[in-house]
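To start, the structure under review is shown below, and the notes come after it.
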Amino acid sequence: MRAAKPAHQRPELPDFWDLRFRERTTPWETGAAPAALRAFAPRHEESAGGATPRVLIPGCGSAWDAAFLAQRGWDVTALDFSAAALDAARATLGADWRGTLLHADFFAFTPDAAFDVIYERAFLCALPRALWPDYAPRMAQLLRPGGLLTGFFFLCDDPKGPPFGILPEQLEALLVPNFIRREDAPVDGSLPVFAGRERWQVWERR
Ligand SMILES: C[S@@+](CC[C@H](N)C(=O)[O-])C[C@H]1O[C@@H](n2cnc3c(N)ncnc32)[C@H](O)[C@@H]1O
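This is the structure we're talking about:
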């Protein structure tokens with residue numbers, strides 16, 4: 003019988019991420035909101051016709067994207083199940099942050115209301131494949147009909163992770179039952195860990 007892996011080697015557990023944040027082994031970190039998000043935000047604000055978008059950022063890590071959207075006036079809920087990630091997020095967000103920062107498991111928390119937008123970056127690819135079948139229905143549950151799942155998807159067949167790559171056809175099989183794809187574009191300026199293998203996509207909740 004094989005011994006179970008220790009918690010800090012299991013990415014489905016907070017211990018794995020706590021260790022990486024504490025050791026500062028965080029090659030996915032940008033230190034700023036990525037260009038594709040900066041381009042999307044004003045586009046979305048225009049289509050929202052002045053309404054304040056209510057956005058969820060699951061697995062927010064150091065929360066650079068949460069800081070960016072909050073500064074634009076969005077109603078931001080950022081969550082992470084790693085206490086060390088939340089320490090990093092607090093340092094990024096500072097005392098003036100007016101959004102909601104939750105220490106919570108994406109699959110288990112109860113929101114006050116459905117979201118207009120969920121921003122995905124390095125979250126699906128942080129989840130072991132066994133959790134993928136739960137990802138799409140959970141995203142659909144958290145978004146209002148017509149709401150958007152938007153962000154970066156790590157598209158490749160790399161079985162080792164994190165980051166765990168997903169093939170384009172696997173992503174479609176996962177999301178099409180609940181979502182319609184509205185945007186799909188290459189990404190410039192990726193970090194080395196994602197370079198040439200990530201795409202910006204927007205999926206609308208049916
Ligand atoms: C690769 S990091 C990405 C962080 C951030 N999104 C970014 O782009 O910098 C993945 C994050 O997801 C968090 N995470 C993984 N599974 C989670 C879950 N079930 N619920 C909440 N957070 C989770 C980890 O703690 C970690 O902070």
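To convert a position in the sequence shown, counted from 1, into our numbering, add 2.
Even glycine gets a Cβ: it sits at the ideal position worked out from N, Cα and C.
Based on the DSSP output, what are the partners of residue i in its beta bridges?
| i | result |
| --- | --- |
| residue 80 | 59 and 103 |
| residue 42 | For residue 42, which the question treats as bridged, DSSP gives no partner whatsoever. |
| residue 206 | 150 and 182 |
| residue 201 | 155 and 188 |
Could you work out which residue in the options is closest to residue i when comparing CA atoms only?
| i | options | result |
| --- | --- | --- |
| residue 88 | 161, 16 and 207 | 16 |
| residue 29 | 163, 97 and 138 | 163 |
| residue 94 | 34, 114, 184 and 138 | 34 |
| residue 205 | 188, 55 and 178 | 178 |
| residue 123 | 136, 5, 172 and 201 | 201 |
| residue 139 | 181, 154 and 127 | 181 |
| residue 116 | 133, 153, 77 and 106 | 77 |
| residue 109 | 4, 208, 22 and 142 | 142 |
| residue 191 | 38, 13 and 7 | 38 |
| residue 40 | 195, 144, 121 and 148 | 121 |
| residue 148 | 12, 24 and 55 | 55 |
Considering residue i, what are the terminal residues of the beta strand (DSSP E) in which it resides?
| i | result |
| --- | --- |
| residue 67 | From DSSP, residue 67 is part of no beta strand (DSSP E) but of the alpha helix (DSSP H) over 66-73. |
| residue 118 | 117-122 |
Less than 8 Å between C-beta atoms, sequence neighbours within five positions excluded: which residues of the same chain meet that for residue i?
| i | result |
| --- | --- |
| residue 20 | 10, 84, 85, 86 and 87 |
| residue 135 | 176 |
| residue 50 | 118 |
| residue 184 | 150, 204, 205 and 206 |
Which residue comes first and which comes last in the alpha helix (DSSP H) that contains residue i?
| i | result |
| --- | --- |
| residue 94 | 85-95 |
| residue 139 | 134-144 |
| residue 172 | 170-177 |
| residue 26 | From DSSP, residue 26 is part of no alpha helix (DSSP H); its letter is neither H nor E. |
Excluding the five sequence neighbours on either side, which residues of its own chain have a C-beta within less than 6 Å of the C-beta of residue i, listed in chain order?
| i | result |
| --- | --- |
| residue 63 | 87 |
| residue 107 | 83 |
Which residues in the same chain have their Cβ closer than 7 Å to the Cβ of residue i, if we skip the five residues on either side of it in sequence?
| i | result |
| --- | --- |
| residue 186 | 201 and 203 |
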